[in-house]
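Below is one structure, written out as structure tokens, with a few remarks after it.
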DNA sequence: TGGACCGTTGTGCGCGTTCACAATACGATG
DNA sequence: CATCGTATTGTGAACGCGCACAACGGTCCA
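Chains as they are written, first to last, in our numbering: chain R, 398 to 736; chain A, 398 to 736.
Next up, the structure:
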């Protein structure tokens, strides 16, 4: 043993059996709540378990039943974004709640560097994880590939195009973006631009598509400024560039609340008033939305529910059920003061 | 098997051995990089591994070597706080980086409800986790007790009083609080109050102690408003109460940036200008600090480094090293515009 | 009294690894 | 040529558990 603290040998079923004066099989039966064990045997065993401080070895159990009662939630993101994004935490909590109800343990796995990705793939294939929830995957993501190769029960939050018919839970990003952009127009804005972030993933691309839909014939690619991440810094940068190209801009659709928060800073720096001079709307209804000044009009993204639904989808697969249709969740517009 | 997709039987060492025409022992040797295996055997085995798509079963390996190359990071927090707290994410990332370097997998475990706590304790004792990093434990925390009972290598971030001589990594909350409060006084504030959050944990209590230190003879318990959580809502609530009791207040030490953000809202609602009428300082230097208007003067908490150091402490214990002294990290004052 | 049946219990095997040991082959050395 | 050491390999046991099966003792009915 490698600790200095001389870790004492753990009690095993055999110890319990010995202590209780029964056989391993009987102990195993009470452990798993199976029938055919007499009351006196059960009591003796329970007493013995308490006495020797027995706790089943999960590795051994996993080995024989080929499952570990643990499911992973994988986030493949660069550092910075994860720290800033409150959505991920909510998804995590929602998934945990659903799993907890069925006595599954959630294990949150993060893939940061490419080295992480490799190690993670090994870990997943090691049999210590029964299924996975994958958040914010990109098209061509190596994690996605690894999961498919392992035929591991999985559910995606969001919908990268290359996951085949794997179950996913999502919102209608495109429709929501269309709706919120339209209402921006309905309130009288005529020179509307967009800061489009994360075009390399489905949510980003779909939000842009919704924007294009809404503008219809008025659409002009010069109205869109693209930035890599859903981050405050990128939002600010994007807004600055947009202001330069459209000095008379009077409406902005930022593809996330964080992006909107950055845009708000840029607008303030440029001396524009919100919502008087320019109206702005975000996406997510994260804690950013209320924290901004003025509070953001945005799309409510049910992050907790997404996590919960994804978890349930994985559990269903574990039970052998087949998930046919994607699970789509509602995401209403929340109208506040920024537009 | 429980999946509908007919998960194919995984290849085992035996399959590889058969394919390569050698014995299990030899396969095991190349798998673990041990000496005494001929070049031709090694090549044959590597080819066989690739051919049959072998990947070692971790449960089986864990069973015999009594270790799993995975360490847990436990956060025991009610929902809301975790979602709001950017520190936790940074700690997580720091720990992950350190573990990744030694090829350990980080598994993030959250304990939300009391049911979670129980399940978590079972999970930890199951042998699938070699050690744990514990964040934000309270005194008397059942998780702490479970970990001690298991004699699991552990490291705490922060310093609950009842962890005995378990290794921990922390900052000098008391000293930092003292320092920042003093500078509040040095800039001419004379009627200074504090919003003290989370007094049930060491960080909260120590920050209050530092405040008391700084005020010295001027201290009066009526200057302190206590709230349960490091949250924006509680900060706002606390500030409102403080304003009521000290209408002439001209300086506030909020025990975290989130609390300060809430206080800022309350001050704005009360029509006080910051920093002209009242100066305010926070604690953490989280993303809140820069996001507030005006930007917060605060204490820089090296969250990523805390996580990294805690991870290293756990790994050291796994190697059999004994961690004598607590690990203390620097936390400089960051002076901005809110005071 | 014999057999069928039921509840209850014990036993052996296998899950996929690693590890210690024995066994083998080969060359070098006396 | 016998002996020894060294490099390499195979084999059995063990890790802790669940499961299938056999075995036991008793009750009930014919």
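Ideal Cβ placement from N, Cα and C applies to all residues, glycine included.
Checklist entry - Between residue 569 of chain R and residue 688 of chain R, what straight-line distance do the alpha-carbon atoms span, to the nearest angstrom? => result Residue 569 of chain R and residue 688 of chain R: Cα-Cα distance of roughly 25 angstroms.
Next on the checklist: So for residue 548 of chain R, helix, strand or coil by DSSP?
Outcome noted: In the structure shown, residue 548 of chain R adopts coil according to DSSP, grouped into three states.
Checklist entry - If you draw a straight line from the alpha carbon of residue 720 of chain A to that of residue 483 of chain A, how long is it in whole angstroms? => result Roughly 28 angstroms separates the two Cα atoms.
Checklist entry - Closer than 8 angstroms, CB to CB, is residue 698 of chain R near chain A or not? => result Chain A contact via Cβ: absent.
Next on the checklist: Would residue 711 of chain A and residue 551 of chain A qualify as a contact pair, given that the criterion is a beta-carbon distance under 8 angstroms?
Outcome noted: Yes, these two residues count as a Cβ contact at 8 angstroms.
Checklist entry - Under a three-way DSSP split, which group does residue 572 of chain A fall into? => result It is helical.
Checklist entry - When the Cα atoms are used, what is the spatial distance from residue 426 of chain R to residue 443 of chain R? => result If I take the Cα positions, the gap works out to 12 angstroms.
Checklist entry - Name the chain A residues whose beta carbon is nearer than 9 angstroms to that of residue 507 of chain R? => result The answer, in chain order, is 489, 490, 493, 503, 505.
Next on the checklist: Do residue 413 of chain A and residue 451 of chain A have their beta-carbon atoms positioned less than 8 angstroms apart in this structure?
Outcome noted: Contact check for residue 451 of chain A against residue 413 of chain A passes: the beta carbons are separated by less than 8 angstroms.
Next on the checklist: Rounded to whole angstroms, what is the Cα-Cα separation between residue 587 of chain R and residue 627 of chain R?
Outcome noted: The alpha-carbon separation between residue 587 of chain R and residue 627 of chain R amounts to approximately 25 angstroms.
Next on the checklist: Using CA atoms only, rank isn't needed, just tell me which of A:647, A:598, A:668 is closest to residue 620 of chain A.
Outcome noted: With distances taken between CA atoms, residue 620 of chain A lies nearest to A:647 out of A:647, A:598, A:668.
Item to check | chain R within 8 angstroms of residue 457 of chain A, Cβ atoms only | outcome: Interface with chain R (8 angstroms Cβ-Cβ cutoff): residue 457 of chain A is included.
Next on the checklist: Cβ closer than 8 angstroms: which chain R residues qualify as neighbours of residue 454 of chain A?
Outcome noted: Listed along the chain, the chain R residues whose CB falls inside 8 angstroms of the CB of residue 454 of chain A are 460, 523, 524.
Item to check | As assigned by DSSP and simplified to three states, the class of residue 735 of chain R | outcome: Here DSSP, grouped into helix, strand and coil, assigns residue 735 of chain R to coil.
Checklist entry - Thinking just about the alpha-carbon of each residue, which of R:535, R:487, R:525, R:672 is nearest to the one in residue 508 of chain R? => result Checking every option, the nearest Cα to that of residue 508 of chain R belongs to R:535.
Checklist entry - Alpha carbon to alpha carbon, how far is residue 524 of chain R from residue 540 of chain R? => result One C-alpha to the other measures close to 16 angstroms.
Item to check | Range of the contiguous alpha helix (DSSP H) that encloses residue 714 of chain A | outcome: Looking at the DSSP string, the run of the alpha helix (DSSP H) that includes residue 714 of chain A is 700-715.
Checklist entry - Cα-Cα, which of A:572, A:571, A:566, A:515 is closest to residue 544 of chain A? => result Out of A:572, A:571, A:566, A:515, A:515 has the C-alpha closest to the C-alpha of residue 544 of chain A.
Next on the checklist: List, in chain order, every chain A residue whose beta-carbon is nearer than 8 angstroms to that of residue 516 of chain R.
Outcome noted: Within 8 angstroms Cβ-Cβ: 497, 500, 502.
Checklist entry - Beta-carbon separation of residue 643 of chain A and residue 592 of chain A under 8 angstroms? => result The criterion of a C-beta distance shorter than 8 angstroms is not satisfied by residue 643 of chain A and residue 592 of chain A.
Checklist entry - For residue 423 of chain A, which three-state DSSP category applies? => result Residue state, collapsed to three classes: helix.
Next on the checklist: Quick check: what's the CA-CA separation for residue 576 of chain A versus residue 615 of chain A?
Outcome noted: Between residue 576 of chain A and residue 615 of chain A, the C-alpha separation is close to 16 angstroms.
Item to check | For residue 681 of chain A, three-class secondary structure by DSSP | outcome: Collapsing the DSSP output to three states places residue 681 of chain A in a strand.
Checklist entry - Closest by CA to residue 510 of chain A, which one among R:527, R:521, R:490, R:506? => result The shortest Cα separation from residue 510 of chain A among R:527, R:521, R:490, R:506 belongs to R:490.
Checklist entry - Do you know offhand how far residue 735 of chain A's Cα is from residue 656 of chain A's? => result The alpha-carbon atoms of residue 735 of chain A and residue 656 of chain A are separated by roughly 14 angstroms.
Checklist entry - Is there at least one Cβ from chain R nearer than 8 angstroms to residue 562 of chain A's Cβ? => result No, residue 562 of chain A lies away from the interface with chain R (no Cβ there is under 8 angstroms from its Cβ).
Next on the checklist: Could you check whether the Cβ of residue 682 of chain R sits closer than 8 angstroms to any Cβ belonging to chain A?
Outcome noted: By this cut-off, residue 682 of chain R is not an interface position.
Checklist entry - So which residues on chain A does residue 512 of chain R lean against when the C-beta distance must stay under 8 angstroms? => result Here the neighbours are 497.
Checklist entry - Using the beta-carbon count (16 or more within 10 Å), is residue 398 of chain R buried or exposed? => result Reliability fails at residue 398 of chain R, whose pLDDT of 32 lies under 50, so the model's placement of it is uncertain and no value is given.
Item to check | Classification of residue 634 of chain A by the beta-carbon crowding that lies within 10 angstroms, buried from 16 upward | outcome: Of the other Cβ atoms in all chains shown, 16 or more fall within 10 Å of the Cβ of residue 634 of chain A; this residue is therefore buried.
Checklist entry - Any idea what DSSP makes of residue 691 of chain R, helix, strand or coil? => result Collapsing the DSSP output to three states places residue 691 of chain R in coil.
Item to check | residue 519 of chain R: contacting residues in chain A (beta-carbon distance under 8 angstroms) | outcome: Ordered by position in chain A, the residues that pass the 8 angstroms Cβ test against residue 519 of chain R are 452.
Next on the checklist: Is there a Cβ of chain R sitting closer than 8 angstroms to that of residue 617 of chain A, yes or no?
Outcome noted: At a cut-off of 8 angstroms between beta carbons, residue 617 of chain A makes no contact with chain R.
Checklist entry - Between which two residues does the alpha helix (DSSP H) containing residue 637 of chain R stretch? => result In the DSSP assignment, residue 637 of chain R falls within the unbroken alpha helix (DSSP H) covering 629-642.
Checklist entry - Near residue 410 of chain R, what residues of its chain come up, given a Cβ to Cβ distance below 6 angstroms and the 5 sequence neighbours on each side ignored? => result So the list reads 421, 424, once near-sequence residues are dropped.
Next on the checklist: Along the region 602-617 of chain A, where does the CB come closer than 8 angstroms to a CB of chain R? Name the residues.
Outcome noted: Taking 8 angstroms as the cut-off between beta carbons, none of the residues of the region 602-617 of chain A comes near chain R.
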